[in-house]
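Report on the following structure.
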Amino acid sequence: MRLPLWHLTLASVRNRGLATVLTLVAIALSVTLLLGVERLRNDARSSFANTLSGTDLIVGARSGAVQLLLYSVFHIGDATHDVSWSRIDALRTHKDVAWLVPLSLGDSHRGFRVVGTTADFFAHVQTGNRQPLRFAAGQAFEGVFDAVIGAEVAARLGYAPGAKIVLSHGAGEFAAAEHADKPFTVTGVLARTGTPVDRSVLVGLAAIEAIHLDWQGGSRIPGVEIPAQFVGKFDLSPKRVTAALVGLERRATVFRVQREINTSDGEPLLAILPGVTLDELWRVVGVVERVLLAVSAFVVAVGLAGLVATLVSSLSARRRELAILRALGAGPGDVFVLLMTESVLLAVAGCVLGVVGLWALSAGIAPWLMAEHGVQLVPRFVDQSELVWLAGVVVAALLASVIPAWRAYRYSLADGMTVRL
Amino acid sequence: MDAAGAPLSDAAVALRGLRFGWPGADRPCLDMAGFTLSAGERLFLHGPSGSGKTTLLSLIGGVLRADAGALRVLGHDLSALSGPRRDRFRADHIGFIFQQFNLIPYLSAADNIALPCRFSPLRAQRAGDVAAAVARLAGHLDLPADLLARPAAELSVGQQQRVAAARALIGGPALVIADEPTSALDAARQQVFLDLLLNECAAVGASLLFVSHDLRLAGRFDRSVALGEINAAAEALA
Chain A
0 MRLPLWHLTL
10 ASVRNRGLAT
20 VLTLVAIALS
30 VTLLLGVERL
40 RNDARSSFAN
50 TLSGTDLIVG
60 ARSGAVQLLL
70 YSVFHIGDAT
80 HDVSWSRIDA
90 LRTHKDVAWL
100 VPLSLGDSHR
110 GFRVVGTTAD
120 FFAHVQTGNR
130 QPLRFAAGQA
140 FEGVFDAVIG
150 AEVAARLGYA
160 PGAKIVLSHG
170 AGEFAAAEHA
180 DKPFTVTGVL
190 ARTGTPVDRS
200 VLVGLAAIEA
210 IHLDWQGGSR
220 IPGVEIPAQF
230 VGKFDLSPKR
240 VTAALVGLER
250 RATVFRVQRE
260 INTSDGEPLL
270 AILPGVTLDE
280 LWRVVGVVER
290 VLLAVSAFVV
300 AVGLAGLVAT
310 LVSSLSARRR
320 ELAILRALGA
330 GPGDVFVLLM
340 TESVLLAVAG
350 CVLGVVGLWA
360 LSAGIAPWLM
370 AEHGVQLVPR
380 FVDQSELVWL
390 AGVVVAALLA
400 SVIPAWRAYR
410 YSLADGMTVR
420 L
Chain B
0 MDAAGAPLSD
10 AAVALRGLRF
20 GWPGADRPCL
30 DMAGFTLSAG
40 ERLFLHGPSG
50 SGKTTLLSLI
60 GGVLRADAGA
70 LRVLGHDLSA
80 LSGPRRDRFR
90 ADHIGFIFQQ
100 FNLIPYLSAA
110 DNIALPCRFS
120 PLRAQRAGDV
130 AAAVARLAGH
140 LDLPADLLAR
150 PAAELSVGQQ
160 QRVAAARALI
170 GGPALVIADE
180 PTSALDAARQ
190 QVFLDLLLNE
200 CAAVGASLLF
210 VSHDLRLAGR
220 FDRSVALGEI
230 NAAAEALA
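Same order as they appear, the protein sequences are chains A and B. So that you can map any letter, position 295 of the first sequence is 294 in numbering that gives the first Met the number 0, and since no number is skipped, the others follow by simple counting. So that you can map any letter, position 60 of the second sequence is 59 in numbering that gives the first Met the number 0, and since no number is skipped, the others follow by simple counting.
In structure tokens, the structure reads:
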């Protein structure tokens with residue numbers, strides 16, 4: 000029985016152990032990097048798309064969809080208009096609306112945005128793959144001057160429940176605009192989500208009213224000063240809010256409710272679907288995505304260059320060996336197949352090793368990545384699109400090995416029977 | 000087509016007006032008016048280095064192609080065969096033994112001996128059970144069975160040369176070409192090796208073309224030829 004040629008390939012590869020192992024490692028690393036960057040790219044995208052989940056509509060004053068999303072969810076930029084509370088309250092009792100979380104923006108604490116809202120915020124706002132908010136310490140606000148802080152606020156400023164904080168009017172550029180007379184007490188710290196919630200200070204809507212009782216038009220009313228203990232004597236029900244997050248009874252009604260809000264008479268409102276607008280925004284941010292893809296392509300090219308370099312440099316050492324095989328009857332085609340088999344073998348082994356390496360790596364860093372950057376990296380082996388990438392690597396290795404295989408073919412023709420070196 | 004073995008009614012090797020020059024060289028290194036090796040004949044070919052011995056062997060083996068002239072090996076006109084057909088012909092019908100042992104160092108002795116069967120289905124078929132054929136040849140050539148599993152690189156010089164001989168003989172090629180096979184052996188081992196080789200060739204009925212510069216060995220052969228005398232190009236050099 001004719002024994003297969005790959006037996007020779009295997010024995011020869013084993014004989015050149017170190018160089019082979021190094022090539023294998025280079026290929027495995029490039030595969031790990033390629034798939035890793037590819038996964039990170041996809042997962043960053045889905046994390047971004049999951050900044051806000053479970054919310055069907057965001058409602059605010061009429062402006063642009065991206066603008067509304069930016070200031071209500073990402074706390075970037077400011078609203079051009081408020082929405083009167085009566086409109087929001089009316090929406091709350093709409094028959095299709097399951098829940099509504101109002102957002103009142105405009106104040107800050109040491110660079111972190113203050114969000115006036117209701118306790119419903121903690122019940123209904125979800126991030127990631129529909130994960131509800133959790134408290135890392137303490138609980139939701141109850142009193143007027145209670146505040147809940149996001150994980151990043153707590154970590155950066157070293158706050159724990161019980162800490163006293165002072166809010167500032169606006170983005171906090173001017174010390175004079177501090178609400179120093181009405182300090183807040185931190186009652187809870189939220190667990191990290193990897194979303195802008197981590198960088199928020201959450202207070203009740205009544206608190207927003209209370210700290211602005213003696214303010215008008217963005218500055219203190221001269222001569223008027225209402226001490227914190229007397230705010231309860233005033234009407235602290237909200238007059239205006241910035242935006243609202245809306246959950247519907249049935250998702251199927253989302254376009255009808257959206258159209259109803261967008262075409263309603265009176266105060267001009269805008270309702271957007273957060274998922275759609277997030278996608279729109281990603282297309283802007285997505286340039287980075289393509290850069291990452293280019294980087295991974297280069298990484299694979301480097302790995303394959305290593306494979307070709309190893310094969311070519313091993314050729315001179317194997318010249319004698321190939322000449323012997325020629326003398327024993329191996330045709331140039333056999334020599335060609337011998338080298339091609341070797342590179343395909345290395346490429347496949349490198350791919351397998353790379354996938355295993357990636358799995359181990361992602362299992363290792365997934366918790367850290369989630370906690371620090373809010374990027375969800377699910378440890379998994381390969382899916383279909385990644386199989387296409389892997390097949391591409393093997394095909395590229397096959398093509399790359401044509402060069403050394405061709406050289407070996409030329410050698411074996413030129414050397415003839417002179418196998419003494 | 001040639002599965003039943005090459006037609007041996009003819010001479011094993013017959014050439015006429017053969018000329019070959021390496022590309023780029025201004026004069027041919029081989030220019031032979033005529034030369035014949037009869038079927039079953041054991042011929043001693045000698046000549047100084049540079050007389051074109053290895054080139055002649057490469058031509059007979061079909062690794063090189065002659066520039067001019069006729070070359071028939073085992074009844075086949077080599078110049079009429081395509082490259083792959085010559086490779087197949089060499090694998091099927093010719094066993095080579097080299098001066099350097101030219102074993103594949105990382106393969107076991109047994110794998111080295113069986114190697115020609117990898118490239119030639121015909122020789123594999125003639126060998127029958129390859130493992131048994133390897134063991135039988137090893138026995139005839141005084142190679143202990145326990146050596147066969149060891150990598151070729153670990154064997155002694157004499158053992159390596161006997162493995163090389165076994166490799167050339169497996170599957171019963173009609174022509175065995177030995178290129179200075181004894182020059183790495185001491186005098187006593189040369190005689191032992193020569194005995195084994197001649198006996199095995201006789202046993203399988205193979206023609207033997209034995210190339211050496213050591214004239215003391217010539218007496219053991221049917222005929223002795225000086226390559227310098229039949230190669231006009233070598234005379235021109237001298």
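Beta carbons are placed, not taken as given, at the ideal position from N, Cα and C, and that holds for glycine. Owing to the predicted nature of the structure, the values given are computational and were not obtained by experimental measurement.
I need the boundaries of the beta strand (DSSP E) containing residue i, first residue and last residue.
i: B/A202; result: First-last for B/A202: 186–203, but that is the alpha helix (DSSP H), not the beta strand (DSSP E).
i: A/W98; result: 96–108
i: A/T184; result: 183–189
i: B/R222; result: 222–225
Quick check on the DSSP output: the alpha helix (DSSP H) that includes residue i runs from which residue to which?
i: B/R117; result: 108–118
i: A/V124; result: No alpha helix (DSSP H) holds A/V124; DSSP gives it neither H nor E.
i: A/I220; result: Here A/I220 belongs to no alpha helix (DSSP H), and DSSP marks it neither H nor E.
i: B/D30; result: Counting along the chain, B/D30 falls outside any alpha helix (DSSP H), though it belongs to the beta strand (DSSP E) covering 29–36.
i: B/A10; result: Element bounds for B/A10: n/a, residue is neither H nor E.
i: A/T22; result: 16–48
i: B/H139; result: 129–139
Could you check the C-alpha separation between residue i and residue j for me, to the nearest Å?
i: A/R109; j: A/S167; result: 8 Å
i: A/L67; j: A/F134; result: 27 Å
i: A/L277; j: A/V12; result: 51 Å
i: B/H92; j: A/L345; result: 35 Å
i: A/V347; j: A/V393; result: 6 Å
i: A/T54; j: A/Q228; result: 37 Å
i: A/S361; j: A/L28; result: 14 Å
i: B/Q158; j: B/A148; result: 13 Å
i: A/T309; j: A/A18; result: 7 Å
i: B/H75; j: B/I112; result: 26 Å
i: B/A123; j: B/G23; result: 39 Å
i: A/V351; j: A/A390; result: 11 Å
i: B/C116; j: B/L174; result: 16 Å
i: A/G422; j: A/R91; result: Residue numbering for chain A in the displayed model covers 0 to 420; residue 422 of chain A lies beyond these limits and cannot be assessed.
When the Cα of residue i is compared with those of the options, which residue comes out closest?
i: A/L204; options: A/R325, A/G246, A/E141, A/T262; result: A/E141
i: A/R44; options: A/S103, A/V283, A/V188, A/H6; result: A/V283
i: A/L337; options: A/R198, A/W367, A/E320; result: A/E320
i: A/E341; options: A/L397, A/I260, A/Y70; result: A/L397
i: B/A177; options: B/G157, B/L184, B/F209, B/L197; result: B/F209
i: A/V96; options: A/V196, A/E151, A/A48, A/L247; result: A/L247
i: A/D106; options: A/G16, A/I210, A/L28; result: A/I210
i: A/L56; options: A/S29, A/W98, A/T22; result: A/W98
i: B/R41; options: B/G204, B/A231, B/G68, B/L55; result: B/G204
i: B/A164; options: B/G82, B/A67, B/F95; result: B/F95
Name, please, each residue of chain B whose Cβ falls closer than 7 Å to the Cβ of residue i.
i: A/D333; result: F118
i: A/A10; result: Y105, L106
Decide if residue i is buried, meaning its Cβ has at least 16 other Cβ atoms within 10 Å, or exposed.
i: B/N101; result: buried
i: A/R250; result: exposed
i: A/V290; result: exposed
i: B/P27; result: buried
i: A/N128; result: exposed
i: B/S8; result: Low confidence applies to B/S8: its pLDDT is 47, below 50, so where it sits in the model is not reliable, and the reading given next is rough at best. Its Cβ having fewer than 16 others within 10 Å, B/S8 is exposed.
i: A/T79; result: exposed
i: A/V230; result: buried
i: A/S199; result: buried
i: A/E208; result: buried
i: A/D382; result: exposed
i: B/A109; result: buried
i: A/A304; result: exposed
i: B/L56; result: buried
i: B/T54; result: buried
i: A/R157; result: The identity of residue 157 of chain A in the sequence shown is Gly, whereas the question assumes Arg. A/G157 comes out exposed.
i: B/P83; result: exposed
i: A/D264; result: exposed
i: A/I75; result: exposed
Closer than 7 Å by beta-carbon distance: list the chain A residues that pair up with residue i, in chain order.
i: B/I103; result: E320, I323
i: B/R89; result: G328
Mind listing the chain B neighbours of residue i? Cutoff is C-beta to C-beta under 9 Å, in chain order.
i: A/R13; result: Y105
Using a Cβ cut-off of 9 Å, pull out every chain A residue sitting near residue i, in sequence order please.
i: B/P83; result: G330, P331, G332
i: B/D86; result: R325, G328, A329, G330, P331, G332, D333
Find the residues of chain A that neighbour residue i, judging by a C-beta separation of less than 8 Å, and give them in chain order.
i: B/P115; result: L327, G328
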